[in-house]
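For the sequence shown, counting from 1, position 113 maps to 124 in full-length UniProt numbering; every step adds exactly one. First the structure, in the form of structure tokens, and then the observations on it.
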Amino acid sequence: LNYQTARFLTSAPTLAGCPPDEGAEVAFAGRSNAGKSSAINALTHQRALARISKTPGRTQLINFFTLENASERRLVDLPGYGYAKVPESVKLEWQRHLSDYLQRRDSLRGLVLVMDVRHPLTEFDQTLLGWADDKGMPVHILLTKADKLKSGAAKSALQQVRSRLREWDDLVSIQLFSALKKQGVEEAHARLNQWLLG
Ligand code: GDP
Numbered sequence: 012l013n014y015q016t017a018r019f020l021t022s023a024p025t026l027a028g029c030p031p032d033e034g035a036e037v038a039f040a041g042r043s044n045a046g047k048s049s050a051i052n053a054l055t056h057q058r059a060l061a062r063i064s065k066t067p068g069r070t071q072l073i074n075f076f077t078l079e080n081a082s083e084r085r086l087v088d089l090p091g092y093g094y095a096k097v098p099e100s101v102k103l104e105w106q107r108h109l110s111d112y113l114q115r116r117d118s119l120r121g122l123v124l125v126m127d128v129r130h131p132l133t134e135f136d137q138t139l140l141g142w143a144d145d146k147g148m149p150v151h152i153l154l155t156k157a158d159k160l161k162s163g164a165a166k167s168a169l170q171q172v173r174s175r176l177r178e179w180d181d182l183v184s185i186q187l188f189s190a191l192k193k194q195g196v197e198e199a200h201a202r203l204n205q206w207l208l209g
């Protein structure tokens with residue numbers, strides 16, 4: 012698939028507003044500031060498809076992008092979670108929308124979970140992994156900002172996350188990534204291709 016063809020399709024505040032549940036899509040999730048927008052931009056070779064640096068507390072939307080000018084294959088940018096400044100009630104509401112989307116979206120083929128390589132597996136990352144596991148949904152983890160660590164330290168971070176998730180070996184794959192250095196783009200494309208073309 013040519014990821015450079017990604018174009019904005021629509022935004023939805025809740026599952027009810029999502030485009031028709033047809034074809035295949037891959038969704039990106041991650042804690043705010045983990046580097047999710049930068050990863051989407053790197054994977055689609057675009058500078059500003061997903062917005063970098065969002066306003067905390069702004070209404071968060073599920074954003075849909077089409078690939079290759081057709082709506083049957085999509086990338087989905089899920090709202091970032093974990094903003095300290097957002098009131099607890101808003102956090103809970105967003106968790107409910109995320110959970111709804113993950114549990115009920117039939118066209119969802121896989122979840123890309125973006126984590127800062129220096130702060131992997133936050134509490135809500137683990138909650139999401141649990142939801143994915145409940146549904147038998149495959150997850151690909153991007154340990155991003157790998158450029159912030161020396162290569163040995165990045166590799167050992169990767170090994171540590173792998174060993175912590177060993178019990179989910181059949182559903183979870185993990186790689187190092189850097190949007191800054193464009194590291195890991197081909198490996199991630201290969202996984203997305205499996206899901207979107209498979
Ligand atoms: P999001 O909130 O998860 O969408 O995170 P952003 O993509 O907006 O990135 C948060 C911050 O991390 C920004 O200042 C980015 O420039 C920076 N960042 C994102 N990815 C990388 C990366 O691979 N390497 C480095 N060094 N910085 C990154």
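Glycine is no exception: its CB is placed at the ideal position from the N, C-alpha and C atoms. Quick caveat, the model's predicted, so the values are computed rather than measured.
Beta-carbon proximity list for residue i, same chain, < 7 Å, skipping 5 on both sides
i	result
residue 21	30, 75
residue 32	116, 117, 118
residue 207	12, 35, 37, 84, 120
Which of helix, strand or coil DSSP assigns to residue i
i	result
residue 31	coil
residue 74	strand
residue 182	coil
residue 55	coil
residue 135	helix
residue 190	coil
residue 127	strand
residue 16	helix
residue 218	With the chain covering only 12 through 209, there is no way to say anything about residue 218.
residue 167	helix
Within 8 Å, strictly: CB atoms of residue i and residue j
i	j	result
residue 42	residue 92	yes
residue 52	residue 190	yes
residue 132	residue 183	no
residue 154	residue 205	no
residue 59	residue 88	no
residue 12	residue 84	yes
residue 118	residue 35	yes
residue 114	residue 146	yes
residue 151	residue 123	yes
Straight-line gap, residue i to residue j (C-alpha atoms, nearest Å)
i	j	result
residue 64	residue 48	Because residue 64 carries a pLDDT of 49, less than 50, the predicted location of this residue cannot be relied on, and no value is offered for it.
residue 209	residue 96	40 Å
residue 45	residue 37	18 Å
residue 100	residue 138	18 Å
residue 160	residue 175	20 Å
residue 180	residue 202	15 Å
residue 77	residue 14	9 Å
residue 158	residue 126	13 Å
Contacts around residue i, its chain only, beta-carbon distance under 8 Å, and the 5 residues preceding and following it disregarded
i	result
residue 68	Summary for residue 68: the model assigns pLDDT 49, below 50, so the residue's position carries little reliability; its value from the coordinates is reported in the next sentence. Hits under 8 Å: 94, 96, 97, 101.
Residue i Cβ short of 7 Å to the ligand ATP heavy atom set
i	result
residue 49	Inclusion of the ligand ATP in the displayed structure is not the case, the ligand content consisting of the ligand GDP alone.
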